[in-house]
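Letter by letter, the sequence shown follows residues 1 to 160 of full-length UniProt numbering. Beneath this line is the structure, given in structure tokens, with notes to follow.
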Amino acid sequence: MQLAPDGKIYFVSTNGANYINVIHDPDKKGLACKPEAHAHMITFNLCNPNFPHFRLGREWNTICDTVYTDINEPQEDMKYEAIYAPNPAHSQVNIFIPDHLFHQIISYRIYDLQGKMLEHNSLNPSRDISITNLPKGIFYISVFCKNELILNEKLVIINE
Numbered sequence: 001m002q003l004a005p006d007g008k009i010y011f012v013s014t015n016g017a018n019y020i021n022v023i024h025d026p027d028k029k030g031l032a033c034k035p036e037a038h039a040h041m042i043t044f045n046l047c048n049p050n051f052p053h054f055r056l057g058r059e060w061n062t063i064c065d066t067v068y069t070d071i072n073e074p075q076e077d078m079k080y081e082a083i084y085a086p087n088p089a090h091s092q093v094n095i096f097i098p099d100h101l102f103h104q105i106i107s108y109r110i111y112d113l114q115g116k117m118l119e120h121n122s123l124n125p126s127r128d129i130s131i132t133n134l135p136k137g138i139f140y141i142s143v144f145c146k147n148e149l150i151l152n153e154k155l156v157i158i159n160e
């Protein structure tokens with residue numbers, strides 16, 4: 001079953017009948033929805049018409065916005081408390097943190113471009129991360145202090 005641009009639901013039966021069935025008012029309950037069997041004859045069966053979902057917008061009587069995108073706006077003013085170098089990196093990355101965080105437990109995570117976590121651990125006292133086990137490519141590095149994000153940047157690895 002699919003909702004069409006005209007607000008009706010169109011569907012075919014799986015019993016071999018060559019007809020499209022229609023529900024004229026799908027928002028109403030029971031027979032008030034005006035179901036119509038064999039509304040349109042077709043020359044084939046077992047194939048639903050393909051209508052994209054056109055009823056986009058906020059759901060009725062809710063504050064939830066059901067229209068969204070997966071595009072994140074860049075946060076130009078985001079200033080992280082930690083920095084890292086070098087980038088591009090060969091064998092290790094050094095994390096530089098402010099003095100007030102120096103004695104805290106700092107952890108890191110490295111992700112590939114698909115968001116898969118490849119490595120996570122606590123930083124050692126020298127605050128360097130060995131990346132010799134990672135292939136060359138583009139990654140994301142996130143550094144945390146007490147579960148608070150203090151660095152989230154791209155990392156380019158160029159192993160030679």
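Ideal Cβ placement from N, Cα and C applies to all residues, glycine included.
Best match in the options for proximity to residue i [C-alpha to C-alpha]
{"i": "ASP99", "options": "LEU113, GLY30 and ALA82", "result": "ALA82"}
{"i": "SER13", "options": "ILE97, GLU36, GLN104 and GLN92", "result": "GLU36"}
{"i": "PRO26", "options": "LYS8, ASN121, ILE141 and PHE96", "result": "LYS8"}
{"i": "LEU134", "options": "ALA39, PHE11 and ASN159", "result": "ASN159"}
Distance, residue j Cα to residue i Cα
{"i": "ASN147", "j": "LYS116", "result": "19 angstroms"}
{"i": "ASP77", "j": "LEU151", "result": "Since pLDDT at ASP77 reaches only 49, below the 50 mark, its modelled position is unreliable, and the value read off the structure follows with that caveat. Computed Cα separation, rounded: 14 angstroms."}
{"i": "PHE102", "j": "ALA4", "result": "60 angstroms"}
{"i": "MET41", "j": "ALA32", "result": "23 angstroms"}
{"i": "VAL156", "j": "ILE138", "result": "5 angstroms"}
{"i": "VAL22", "j": "GLY30", "result": "14 angstroms"}
{"i": "GLU119", "j": "TYR84", "result": "17 angstroms"}
{"i": "MET112", "j": "TYR140", "result": "In the sequence as displayed, the identity of residue 112 is Asp instead of Met. Taking the straight line from one Cα to the other gives about 6 angstroms."}
{"i": "LYS28", "j": "ASP6", "result": "15 angstroms"}
DSSP state of residue i mapped onto helix, strand, coil
{"i": "ALA17", "result": "coil"}
{"i": "ASP77", "result": "Any reading at ASP77 needs caution, since the residue's pLDDT is 49, under 50, leaving its predicted position unreliable; the model's value is listed next. Of the three classes helix, strand and coil, the one that applies to ASP77 here is coil, per DSSP."}
{"i": "HIS100", "result": "helix"}
{"i": "LEU31", "result": "helix"}
{"i": "ALA37", "result": "strand"}
{"i": "HIS90", "result": "coil"}
{"i": "ILE157", "result": "strand"}
{"i": "ASN152", "result": "strand"}
{"i": "LEU3", "result": "strand"}
{"i": "HIS120", "result": "strand"}
{"i": "ILE9", "result": "strand"}
{"i": "ILE105", "result": "coil"}
{"i": "ILE141", "result": "strand"}
Inter-residue CB distance, residue i and residue j (contact presumed, cutoff 8 angstroms)
{"i": "ARG127", "j": "ASN94", "result": "6 angstroms"}
{"i": "ILE110", "j": "CYS145", "result": "Not really, about 17 angstroms apart at Cβ, beyond 8 angstroms."}
{"i": "ASN15", "j": "THR43", "result": "ASN15 to THR43, Cβ: 17 angstroms. No contact."}
Proximity test, Cβ basis, 7 angstroms: residue i and chain B
{"i": "SER122", "result": "No chain B is part of this structure, which consists of one protein chain only."}
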